[in-house]
Amino acid sequence: MSESKLDIPTGVLTGDQTAKLFAHASANGYAIPAFNCTSSSTINCVLEAARDAKSPIIIQVSNSGAGFYAGKSLPKTEASILGAVAAAMHVRTMSKFYGVPVVLHSDHCAKKLLPWFDGMLKADEEYFKVYGVPLFSSHMLDLSEEKDDENIETCVKYFEKMTKLNMFLEMEIGQTGGEEDGVKHEGDVSELFTHPDQIWKVHKALSAISPNFSIAAAFGNFHGVYKAPDGGNRVKLQPQLLGKHQAKICEELKKAGKDVPATGKPTYLVMHGGSGSEKSEILEAVKNGVVKMNVDTDTQWAYWDGVHEHYKKNGDRLWKQLGGKDNDDGMPNKKKYDPRVWIREAEKSMAKRVTASLTVLGSVGKYASKPELEGGAPVAPYVRAICK
Ligand SMILES: [Zn+2]
């Protein structure tokens with residue numbers, strides 16, 4: 046059977062369009078990587094790589110990443126809300142011109158960070174009132190540290206509000222190891238594996254509201270890059286467990302006399318802690334219905350490595366404005382230390398790493414469109430429409 050066309054627009058997607066993208070990915074055996082961005086520079090290089098690879102993309106901001114976007118000197122909660130809004134406006138302004146469909150998402154929100162979530166949701170509501178679409182495509186709620194009942198009840202409460210705004214929800218049940226935004230999971234190893242019964246409970250509660258949600262299940266995954274099992278605390282990934290979740294939902298749906306999708310994958314799964322994973326583990330996760338994989342640590346390294354390489358290549362000319370480290374030849378070094386030069390090296394290096402994720406997950410070539418600027422498309426009316 047030939048692959049059906051991916052029928053979504055460029056720019057920031059709504060919840061329905063996000064679900065359409067994930068359904069296409071699930072049916073055709075690929076996934077879309079989600080990159081944590083903390084600046085306009087990192088957003089631009091993700092858009093650049095997605096455009097060049099003709100791929101849809103997911104751009105997300107974490108709580109502290111959004112705070113950084115706004116500026117480290119500002120009060121934390123306000124900065125994380127305003128920074129998320131500023132990043133969202135940047136993505137909205139630029140993504141159509143790159144010709145890329147973007148799922149614009151916010152990453153982990155634990156219970157103590159709910160004021161951040163409420164602030165973003167308010168911005169979504171305000172945006173919806175004016176333009177008929179939410180500011181973001183989706184948000185993640187991560188109450189996985191709480192009891193399952195509280196986790197699911199909180200998700201239901203927020204998901205009802207979000208559904209009215211045509212938004213998509215990502216939730217987590219079971220715990221991803223490692224550290225994210227200062228939340229550390231180092232407890233019992235058995236907690237690092239979500240049980241199929243937990244997944245069914247979530248699927249049942251949320252699908253009664255809307256199909257536009259995904260579940261981040263724990264299958265031994267860790268945030269960050271750690272040593273291998275013999276040298277550190279990393280648990281071996283068990284992506285085959287994700288297939289059991291899908292099978293459990295199918296079984297329950299059949300019992301209830303409901304339709305089971307032909308793909309055998311009734312729910313959208315998300316893989317956290319994608320950095321440092323083996324290709325075979327990633328592919329098995331995708332086969333079992335992972336449609337989104339988060340990548341942060343590896344792109345952080347790539348961004349830094351671009352600067353590092355620039356320094357190694359030009360070290361002698363990066364000590365003073367004029368002259369080399371140990372000589373006074375008086376030659377200007379501006380072309381070496383201008384941020385546009387070394388930040389660009391960081392961007393090029395990160396874009397390469399983004400392309401590597403797009404390639405592994407199989408999303409390269411899934412979307413081809415012309416950037417809206419091509420052919421001299423009028424800029425002014427579009428800018429007016431988004432920058433009211
Ligand atoms: Zn995560």
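Numbers given in the numbering used here equal positions in the sequence shown, counted from 1, plus 45. C-beta atoms are modelled at their ideal positions from N, C-alpha and C, and glycine is treated no differently.
Where residue i falls: helix, strand or coil (DSSP)
| i | result |
| --- | --- |
| asparagine 278 | Residue confidence for asparagine 278 is low, a pLDDT of 49 falling below 50, so the modelled location carries little weight and cannot support an answer. |
| leucine 286 | helix |
| histidine 135 | helix |
| lysine 337 | strand |
| phenylalanine 204 | helix |
| phenylalanine 181 | coil |
| leucine 186 | strand |
| glycine 164 | helix |
| leucine 418 | Because the pLDDT at leucine 418 is just 48, under 50, the model does not fix this residue reliably, and the value given afterwards should be weighed accordingly. If DSSP states are grouped into helix, strand and coil, leucine 418 belongs with coil. |
| histidine 153 | coil |
| proline 384 | helix |
| lysine 397 | helix |
| threonine 342 | helix |
| lysine 50 | coil |
| serine 71 | helix |
| valine 175 | helix |
| isoleucine 126 | helix |
| lysine 411 | coil |
| serine 255 | coil |
| glycine 351 | helix |
| lysine 117 | coil |
| threonine 83 | coil |
DSSP beta-bridge partners of residue i
| i | result |
| --- | --- |
| valine 147 | Val57 and Ile102 |
| isoleucine 77 | Lys337 |
| proline 377 | Leu367 |
| isoleucine 260 | Met216 and Leu314 |
| phenylalanine 238 | Phe264 |
Same chain only: Cβ atoms within 8 Å of residue i, ignoring 5 sequence neighbours per side
| i | result |
| --- | --- |
| glycine 112 | Leu119, Lys121, Ala124, Ser125 and Gly128 |
| glycine 360 | Lys370 |
| methionine 139 | Ile88, Asn89 and Leu92 |
| threonine 208 | Gly60, Ile254, Ser255 and Asn257 |
| aspartate 193 | Ile218, Gln243 and Lys246 |
| phenylalanine 162 | Ser151, Cys154, His184, Leu186 and Tyr203 |
| leucine 406 | Tyr75, Ala76, Ile77, Pro78, Ile327, Val331 and Met338 |
| lysine 299 | Val305 |
Proximal residues to residue i (C-beta, below 6 Å), its chain only, five neighbours per side dropped
| i | result |
| --- | --- |
| tyrosine 348 | Ala391 and Met395 |
| valine 130 | Ala168 |
| alanine 98 | Thr400, Leu403 and Val409 |
| glycine 217 | A quick correction: the sequence has glutamate, not glycine, at residue 217. Once the five neighbours on either side are set aside, the close Cβ partners of glutamate 217 are Asp187, Ser189 and Ala261. |
| glutamate 48 | Asn73 |
| histidine 184 | Ser151 |
| threonine 239 | Ile218, Gly219, Ala262 and Ala263 |
Cβ pair residue i, residue j closer than 7 Å
| i | j | result |
| --- | --- | --- |
| valine 147 | valine 136 | yes |
| alanine 76 | alanine 70 | yes |
| leucine 214 | aspartate 169 | no |
| serine 182 | leucine 367 | no |
| proline 241 | lysine 281 | no |
| glutamate 205 | isoleucine 254 | yes |
| serine 320 | valine 352 | no |
| alanine 250 | isoleucine 327 | no |
| leucine 66 | proline 101 | yes |
| alanine 95 | tyrosine 114 | no |
| lysine 337 | leucine 51 | no |
| glutamine 291 | lysine 310 | yes |
| histidine 355 | glycine 318 | no |
| asparagine 81 | serine 109 | no |
| alanine 85 | isoleucine 388 | Per the sequence shown, residue 85 should be read as serine rather than alanine. Not closer than 7 Å, so no. |
| histidine 248 | threonine 312 | yes |
| methionine 134 | proline 179 | no |
Same chain only: Cβ atoms within 7 Å of residue i, ignoring 5 sequence neighbours per side
| i | result |
| --- | --- |
| leucine 287 | Ala262, Phe264, Leu314, Ala330, Asn333, Gly334 and Val335 |
| serine 414 | Thr55 and Gly144 |
| arginine 362 | Gly369, Asn378 and Lys381 |
| lysine 393 | Gly351 |
| arginine 398 | Asp343, Thr344 and Ala347 |
| cysteine 295 | Val305, Gly309 and Pro311 |
| tryptophan 364 | Lys370 |
Proximity test, residue i beta-carbon vs ligand 2 heavy atom, cut-off 6 Å
| i | result |
| --- | --- |
| histidine 317 | Annotation note on ligand 2: not contained in the displayed structure, which lists ligand 1 as its ligands. |
At 4 residues or longer, and completely inside the stretch 293 to 333: list those alpha helix (DSSP H) runs for me, N to C. 324 to 332
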